[in-house]
Amino acid sequence: MLSEYDVELVLAPFELRPDMPEAGIKLAEQAQAGHSERVEEYLIKAAAREGASMVLPDFLPNTHSAMAMAEIGRDAGDPAHKELHAAIFSAYFEAGLDIGDRGILLDIGKGQGLDPETVEEAWSTGKYDERLSQFRKLGATLGVESTPAVLICNELLIGAQPYQIIKKAVERCLSKQTDIDEAHLDY
């Protein structure tokens, strides 16, 4: 979509369960934390349509450390952040790895060129905790209650959405922007 339209993608973390135990939780231990079979089937089919494989792990990791590590990527610049985000996403949803495990995260980070000492320091000092908290508050203010969520102009789309739904929202947004630009030309 980014190649089709002149739009900017800003990835914003949203810690859905900030009180998640450090070790995460097994889905079998907390039935309401997982997806229904229907949702899981939809997600796997949607991934296949996009040419990706998807593994739905039987656990929910504590993602705080992963989000903090991604913020190191954000500070390094947009391409680094997006690549790191994609690597973390792939580790969980394609490889089924526990992205709450700091050893696994360090391996992912090293693969993306991060210095392990920088990552360890960020974790031990809580360097990104306040930023992550602010993103969470922003998301809650916007009405985000689950992930993924996409904000396009002032339209909030919650959950995994088909490409066409997101595309139409982008087109509505760009149409509004064109109307605004044309109104300014009338002055």
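FYI, the numbering for the sequence shown is 1 to 187, going by the working numbering. Note that the Cβ used here is the ideal one computed from N, Cα and C, for glycine as well.
Check, Outcome
"CB of Arg102 within 7 Å of CB of Ser65, strictly", "yes"
"Beta-carbon proximity check, Met67 vs Gly109, cutoff 7 Å", "no"
"Residue environment, Ile158, which counts as buried when at least 16 other CB atoms sit within 10 Å", "exposed"
"Under the three-state DSSP convention, the category Val55 falls into", "coil"
"Distance between Ile25 and Pro61 (C-alpha atoms, nearest Å)", "7 Å"
"Sequence-distant residues of its chain with Cβ nearer than 7 Å to Ser175 (five each side left out)", "none"
"8 Å Cβ shell around Ala160 - same chain, five flanking residues per side excluded", "Tyr42, Leu43, Ala46, Pro148"
"Ile190 to Tyr163 span [Cα, whole Å]", "Nothing can be reported for residue 190: it is not among the residues displayed for the chain, which extend from 1 to 187."
"Beta-bridge partners of Ala160, as assigned by DSSP", "According to DSSP, Ala160 bridges with nothing at all."
"Inter-residue spacing [alpha-carbon to alpha-carbon] between Lys168 and Glu155", "11 Å"
"Exposure label - Ala122; buried when at least 16 CB within 10 Å", "buried"
"Assigned exposure category for Pro21 - 16 Cβ within 10 Å defines buried", "exposed"
"Span of the alpha helix (DSSP H), counted from its first residue to its last, around Ile44", "37–49"
"Residue range of the beta strand (DSSP E) that includes Leu151", "149–152"
"7 Å Cβ cutoff met for Phe93 and Ala12", "no"
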